[in-house]
Amino acid sequence: MIVLVIPDIHLKSWIFDRAEEIMRRGKADRAVCLMDIPDDWDMELDIAHYRNTFDRAIRFAKEYPDTLWCYGNHDVSYPWGKLETGYSPYSERTVISKLEELTNALPDPSQIAIIHRIDNVLFCHGGLTEDFVSYLNEELIDADIDEILSVINEASPKYLWNDQSPLWFRPQHRNVDAFRKETFMQVVGHTPVDKIYEENGFISTDVFSTYRDGRQIGESAMVVIDSVSREFEKIEV
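The opening position of the sequence shown corresponds to residue 1 in the UniProt record's numbering, with each subsequent residue numbered one higher.
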């Protein structure tokens with residue numbers, strides 16, 4: 001299966017427009033969104049922008065109902081009551097209600113979670129390491145991968161709101177292998193990069209984040225990946 005990865009949104013609803021164009025061109029069979037839908041530089045007061053971006057995500061979810069959604073730290077910061085850079089107290093109710101509306105728009109609520117697997121590819125916002133699996137429960141190290149993902153997706157904020165979790169880990173800053181990288185490729189966002197690249201079993205995709213002055217940090221491209229062979233390519237957008 002060919003999977004399109006939609007990277008961090010941060011109130012850029014046009015990213016869903018580009019993703020939809022790629023899907024309509026038949027470049028992928030389904031999509032995975034790495035979320036971080038809310039929050040961007042100096043947007044805290046623009047509640048309408050928050051609402052409109054979530055509404056665009058919900059329209060995409062309805063148009064492509066088998067899409068998987070991976071929570072980002074900026075998404076869960078609102079229902080979890082965790083302050084985050086760019087957190088908008090003015091948009092708190094909007095984000096919480098729109099996350100619920102997005103979940104209700106999905107055929108199966110399990111389609112929105114911390115981490116997902118499609119065949120030989122894992123998708124999450126930050127990245128999964130052996131250290132974090134061991135931190136959750138040392139007995140999980142040799143467990144079936146789907147059992148591990150289930151435990152992660154059911155974990156409380158106590159375990160997930162830290163720098164080592166799949167919400168927060170930044171493999172771009174550390175020379176650490178992806179969990180079971182011999183078997184699984186991981187596709188992640190969270191950390192702005194200037195180009196899409198693979199290292200240590202992680203494919204980094206957050207190329208649409210911006211500097212405070214609005215300049216885009218990375219190249220204009222998205223990833224499509226073969227979920228069986230783990231081979232990937234960039235598509236210019």
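We put the CB at the ideal spot given by N, CA and C, even for glycine.
Since this is a predicted model, take the numbers as computed values, not measurements.
Worksheet item: Using the beta-carbon count (16 or more within 10 Å), is H173 buried or exposed?
Response: By the neighbour-count rule (16 or more Cβ atoms within 10 Å), H173 is not buried but exposed.
Discussion item. If the criterion is Cβ atoms closer than 8 Å, does the pair V228 and N120 meet it?
Written reply: The answer is yes: Cβ separation under 8 Å.
Discussion item. Along the chain, where does the beta strand (DSSP E) containing E150 start, and where does it finish?
Written reply: What sits at residue 150 in the sequence shown is Ser, not Glu. First-last for S150: I145 to E154, but that is the alpha helix (DSSP H), not the beta strand (DSSP E).
Worksheet entry | Candidates W161, P166, I22 and P38: closest to I96 by CA position | In terms of Cα proximity to I96, the closest of W161, P166, I22 and P38 is P38.
Worksheet entry | Cut-off 7 Å between Cβ atoms - residues of its own chain near I15, not counting five sequence neighbours on either side | Cβ neighbours of I15 beyond the five flanking positions: I6, I9 and F208.
Worksheet entry | Residue from E63, L45, Y50 and R51 with nearest C-alpha to K19 | The sequence given here places Ala at residue 19; Lys does not occur at that position. The alpha carbon of A19 has as its nearest neighbour, out of E63, L45, Y50 and R51, the alpha carbon of E63.
Worksheet item: What are the boundary residues of the beta strand (DSSP E) that I203 is part of?
Response: First-last of the beta strand (DSSP E) with I203: F202 to S204.
Practice prompt. Have a look at D36 and E139 and give me their C-alpha separation to the nearest angstrom.
Written response: Distance between the alpha carbons of D36 and E139 is about 31 Å.
Practice prompt. Decide if the segment 80-90 is in contact with the segment 185-202; the criterion is three or more beta carbon pairs, one per stretch, under 8 Å apart.
Written response: Too few Cβ pairs lie closer than 8 Å, so no.
Discussion item. Considering just the uninterrupted stretch of the beta strand (DSSP E) at M222, what are its terminal residues?
Written reply: Residues A221 to D226.
Fill in: Length of the line joining the Cα atoms of V188 and R230
The straight-line gap from Cα to Cα measures roughly 14 Å.
Worksheet item: Taking just the CA atoms, how far does T191 sit from D177?
Response: Spanning the two alpha carbons is a distance of roughly 16 Å.
Item to complete: Measure from the alpha carbon of Q216 to the alpha carbon of each residue in I235, R180, D206 and T183, then state which is nearest.
Response: Nearest C-alpha to Q216 among I235, R180, D206 and T183: D206.
Discussion item. Measuring only the C-alpha atoms, how far is N52 from G72?
Written reply: Their Cα atoms are separated by approximately 18 Å.
Worksheet item: If we ignore side chains and look at the alpha-carbon of each, how far apart do R93 and C70 end up?
Response: Distance between the alpha carbons of R93 and C70 is about 21 Å.
Fill in: DSSP beta-bridge partners of Y197
S204.
Fill in: Enclosing beta strand (DSSP E) for I235 [first to last residue]
Where I235 is concerned, the enclosing beta strand (DSSP E) stretches over F232 to E236.
Practice prompt. Give the DSSP-derived three-state secondary structure of V95 in the structure shown.
Written response: Assignment of V95 by DSSP, reduced to helix, strand and coil, places it in the helix class.
Worksheet item: Going by other Cβ atoms of all chains shown within 10 Å of its Cβ, with 16 needed for buried, is A57 buried or exposed?
Response: Per the 10 Å Cβ criterion, buried.
Worksheet item: Given a threshold of 16 other Cβ atoms within 10 Å of its Cβ, counted over all protein chains shown, does residue 249 qualify as buried or as exposed?
Response: Residue 249 cannot be examined here, being either before or after the span of the chain that is shown, 1 to 237.
Practice prompt. Would you mind reading off the limits of the beta strand (DSSP E) that contains A31?
Written response: It spans R30 to C33 - the beta strand (DSSP E) in which A31 sits, taken as one unbroken run.
Worksheet item: Based on the DSSP secondary-structure assignment, which residues constitute the bridge partners of T210?
Response: Its beta-bridge partners are Q216.
Worksheet item: Which class does F60 belong to by DSSP, given the choice of helix, strand or coil?
Response: In this structure, F60 counts as helix in the three-state DSSP scheme.
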